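Numbers in the working numbering are just positions in the first sequence, counted from 1, shifted up by 18. No residue lacks a Cβ here, since even glycine has one placed at the ideal position from N, Cα and C. This one's a predicted model, so the numbers in the text were calculated from it and none came from an experiment. Okay, so here's the structure we're looking at.
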Amino acid sequence: MHPTNKDIVILLKSVAAAYTLTGVNQFRIIAYQKAADAVEHLTQEIYDVWQNGHLDEIPGLGPIIRQHLDEYFTNPVGSYLEKQTQKIPAPVYKLMQSPGIGPKRAFRIVQEFKLDNPKTIFEDVKSLAAKNKIVELEGFGEKSQKEILKAINLYEERGQKEERMVLPVAGQMAEDIIMYMKQLPEVSEIQPLGSLRRKAPTIGDIDLVAVVEQRNAEKVINHFTAYSRAISVQGKGDVKASIMVTGGKRIDLDIIPRKRYGSMLQYFTGNKLHNIKLREYALRKGYSLNEFGIKEVKTGKMHTFETEEAFYEFLHVDWIPPEIREGGEEIKLALQHALPNLVEPKDMKGEFHVHSDFDIVPSHDIGMDSIEKMAKKAEELGYIYLALSEHNPAMSRVDESQAVDLIRRKAEAVAKIKTPVKLLNSLEIDIQPNGDLALAEDAFKYLDIAIVSIHSSFKMSRDDMTKRILKALAHPGVKILGHPTGRQIGKREEIEADWQTVFDFAKKHHIALEINAWHERLDLPEGLVRRAIQNGNKLVINTDAHAASQMDGLLYGVYVARRGWAEKSDIINTQPLDRVMSWIKGK
DNA sequence: GCCGTTTTCGGCCCGACTGTTTTCAGTCG
């Protein structure tokens, strides 16, 4: 098994902890913490990124840590990183995993009581606390003993299976509480920030900021903590509060007067590395940034900002779309007025991957709505074209001539629909393990366009998988590679393939890479979107809808495209019909 | 150890909260 992102996060944090305890340069410790943070918030598996030779694209990982990771991925045994962690007793790292216990307190406890078994560390500490032993340590007291117990219990209860929400779930949760908060006229504005505003594929907790005048603060905070879905109040102060809602998810609320709203938006949108880099830049210019405004370091004069645009403008930095605030090169480009002009939802003019209920005897799940209904929905969305791409007929259920007949009949059914939307007869065809397509050759003449996707044998060697994909793409009828990595967020890993080779081949043959907008796929992942674009590939954004209502979800694909720095011209289904048709015809 | 729109050397984000202390250390986001 390859190390997961979580493994690497723990590894890097452990090295940072070991350095903290052995007393190395504090900035080296911070560098490891930043690196751990970068990996923790990566939306791709770091192992895959490493395998494809692109560790250098991750901001926060410098040459030295990259080299250590390279060694670790090749063979962890005896590697530098492993050796560093071994300098500290293993139970320390275990103990640190409970919230509120950092390296120093964990080390103190382990050392003072000579706890050497990582397997029993939590039990050991609990029984020490029961005997009131921890209170006796210098620097610890009654309350810290209690806090430590609470932290361990919390970790044991649910810390390990901490799950992040997919974007639409988090979005709905935010919308619900925003509606609730807006019942108060004192809340003049309220919006989600953090990873939700940056449209990250998964969301840990929900951050809200509301514009409230100081005299109404108490009332608003009280209203927030009285939310009916709150199962507990985590914290409550004059200007902020935090609740836990059903499902164990946290919602934080900060309130701010109108005149400081801009700096608060910037501060809580993040991400962390973006903020650090912006503040470092500002500091070189003599300014210190915080959530209340911009301070002139020399004079102490404070500037406040009602809008985020004004905040960035003060620093002579172009406003940066939240989706690309990742701590990479966006600040540099914003200074040069060279940010990309990201694709927007309104640019979308159609899509190529929806499943109708036409009974094609499909190999996988069939759609819920008729072709007509899907076309109607496309019309409502203002689309000018739509491709109906059901799964191919199951080879186990129909023979070749029956399959050909089904495709022909579907073409006729599509042609019969009266709609201003240009409908295309398409299919999503399985790529078989040997790279053959699961469709009789004669059927292709009834298709306007074809998507090919992998739906089986996800575990293959990188070489075999790459060959399999190239063989499928070599078929002249193929125009789109569907959900290329096959990942399902939180459920299935990405397949392993040499993406550079796949991208080069796709580019040469004018095959588009899909950004599948289904919220559990979001595939291509944004990191690969960015590389595909830099490589000169074209992409399409598709919903993979199995019901008309799901076609609204194209938005989530647009977010991924934006997070991958895609402009309108990179995305084929932003283009007018004639351009799309000439792409289909292979020009 | 990382990083760069006055630096490839010499700096390094910022504040809140908590607890155990009388001025700070540890942890977190």
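Going by DSSP in three states, Asn-443 sits in which element: helix, strand or coil? Annotated three-state conformation of Asn-443 is strand, per DSSP.
What's the call for Leu-197, buried or exposed, on a 16-neighbour Cβ count within 10 Å? First, the residue type needs correcting, since residue 197 is Met and not Leu in the sequence shown. Exposed: under 16 other Cβ atoms inside 10 Å.
Is it buried or exposed for Ile-82, if we count other Cβ within 10 angstroms and need 16 for buried? With fewer than 16 Cβ atoms within 10 Å of its Cβ, Ile-82 is classed as exposed.
Does the stretch 376 to 385 come within contact of the stretch 399 to 414, defined as at least 3 CB pairs closer than 8 Å? Yes: the two stretches touch, three or more of their Cβ pairs being nearer than 8 Å.
What number of angstroms, rounded off, separates the C-alpha of Leu-351 from the C-alpha of Gln-69? Between Leu-351 and Gln-69, the C-alpha separation is close to 28 Å.
Considering just the uninterrupted stretch of the beta strand (DSSP E) at Asp-270, what are its terminal residues? If you look at Asp-270, you'll find it in the beta strand (DSSP E) that goes 267 to 274.
Length of the line joining the Cα atoms of Met-262 and Ile-221: Taking the straight line from one Cα to the other gives about 15 Å.
Can you say whether Thr-40 is buried or exposed, counting buried as having 16 or more other CB atoms within 10 angstroms of its CB? Exposed is the call here.
Compute the Euclidean distance between the alpha carbons of Ile-28 and Phe-310, then round it to the nearest angstrom. Cα to Cα, the separation comes out at about 33 Å.
Sorted by chain position, which residues of the same chain lie with C-beta nearer than 7 Å to Gln-85's C-beta, five sequence neighbours on each side aside? Within the same chain, Gln-85 has no close Cβ partners at all.
Could you check the C-alpha separation between Lys-277 and Ala-192 for me, to the nearest Å? Here the alpha carbon of Lys-277 sits roughly 24 Å from the alpha carbon of Ala-192.
Give the straight-line distance between the Cα atoms of Ala-433 and Asn-560, rounded to the nearest whole angstrom. Straight through space, the alpha carbons of Asn-560 and Ala-433 are spaced by roughly 22 Å.
Might you give, ordered along the chain, the residues of its own chain that have their beta carbon closer than 7 Å to the beta carbon of His-473, omitting 5 neighbours on each side? Hits under 7 Å: His-382 and Asp-448.
So, under 8 Å CB-CB, Glu-347 and Arg-581 are touching, yes? Tell me the CB distance rounded to an integer number of Å. In this structure Glu-347 does not touch Arg-581 by the C-beta definition: roughly 14 Å separates them, more than the 8 Å allowed.
For Lys-258, list the residues DSSP reports as bridge partners. DSSP, once it has assigned bridges, lists Asp-272 as partnering Lys-258.
Give me the Cα-Cα distance between Met-366 and Trp-536, rounded to the nearest whole angstrom. Note on geometry: alpha-carbon atoms of Met-366 and Trp-536 lie some 16 Å from one another.
Measure the C-alpha to C-alpha separation of Ile-139 and Leu-572 and round it to an integer number of angstroms. Counting only the Cα atoms, Leu-572 lies some 48 Å from Ile-139.
Could you check where the beta strand (DSSP E) with Leu-557 kicks off and where it finishes? Under the DSSP assignment, Leu-557 falls in the beta strand (DSSP E) whose first and last residues are 557 to 560.
For a test of the three-state rule: what should DSSP assign to Val-238, helix, strand or coil? Three-state result, Val-238: helix.
Inter-residue CB distance, Ala-584 and Leu-557 (contact presumed, cutoff 8 Å): The pair is a contact, with the Cβ atoms about 7 Å apart (cut-off 8 Å).
Would you mind working out which of Met-483, Thr-484, Tyr-464 and Pro-502 sits nearest Gly-495, comparing C-alpha positions? Answer by Cα proximity: Tyr-464.
Quick check: what's the CA-CA separation for Glu-181 versus Ala-461? Rounded to the nearest angstrom, the two C-alpha atoms are 44 Å apart.
Considering Ala-300, what are the terminal residues of the alpha helix (DSSP H) in which it resides? First-last of the alpha helix (DSSP H) with Ala-300: 290 to 302.
Buried or exposed by the 16-neighbour rule on C-beta atoms within 10 Å, applied to Asn-43: Exposed, because fewer than 16 other Cβ atoms sit within 10 Å of the Cβ of Asn-43.
Starting from Gly-311, follow the beta strand (DSSP E) in both directions and report where the run begins and ends. Residues 311 to 314.
Since I believe Ala-218 is in contact with Thr-6 (beta carbons under 8 Å), could you give me their beta-carbon distance rounded to a whole number of angstroms? Only positions 19 to 605 of the chain appear in the structure, and residue 6 is not among them; the question remains open.
Which value, in whole angstroms, describes the spacing of the CA atoms of Ala-49 and Ala-36? Near 13 Å, if we compare the C-alpha coordinates of Ala-36 and Ala-49.
DSSP three-state label for Pro-380, please. Of the three classes helix, strand and coil, the one that applies to Pro-380 here is strand, per DSSP.
Per DSSP, what kind of secondary structure is Gln-593 in: helix, strand or coil? Three-state result, Gln-593: coil.
Decide if Met-19 is buried, meaning its Cβ has at least 16 other Cβ atoms within 10 Å, or exposed. Note on Met-19: under 16 other CB atoms within 10 angstroms of its CB, so exposed under the neighbour-count rule.
How should Leu-172 be labelled, buried or exposed, when 16 other C-beta atoms within 10 angstroms of its C-beta is the threshold for buried? By the neighbour-count criterion, in which 16 or more other beta carbons inside 10 Å mark a residue as buried, Leu-172 falls on the exposed side.
Check whether the stretch 241 to 250 touches the stretch 292 to 303, taking contact to mean three or more Cβ pairs, one atom from each stretch, closer than 8 Å. No contact exists between the stretch 241 to 250 and the stretch 292 to 303.
Rounded to a whole number of angstroms, what is the C-alpha to C-alpha distance between Gly-96 and Pro-21? Spanning the alpha carbons of Gly-96 and Pro-21 requires a straight line of approximately 16 Å.
Just the C-alpha distance for Glu-397 and Leu-113, rounded to the nearest angstrom, thanks. Rounded to whole angstroms, Glu-397 to Leu-113 spans 57 Å at the Cα level.
When the Cα atoms are used, what is the spatial distance from Asp-562 to Val-153? If you take the alpha carbons of Asp-562 and Val-153, they lie about 58 Å apart.
Check for me: the alpha helix (DSSP H) holding His-86 runs from which residue to which? Unbroken alpha helix (DSSP H) run through His-86: 81 to 92.
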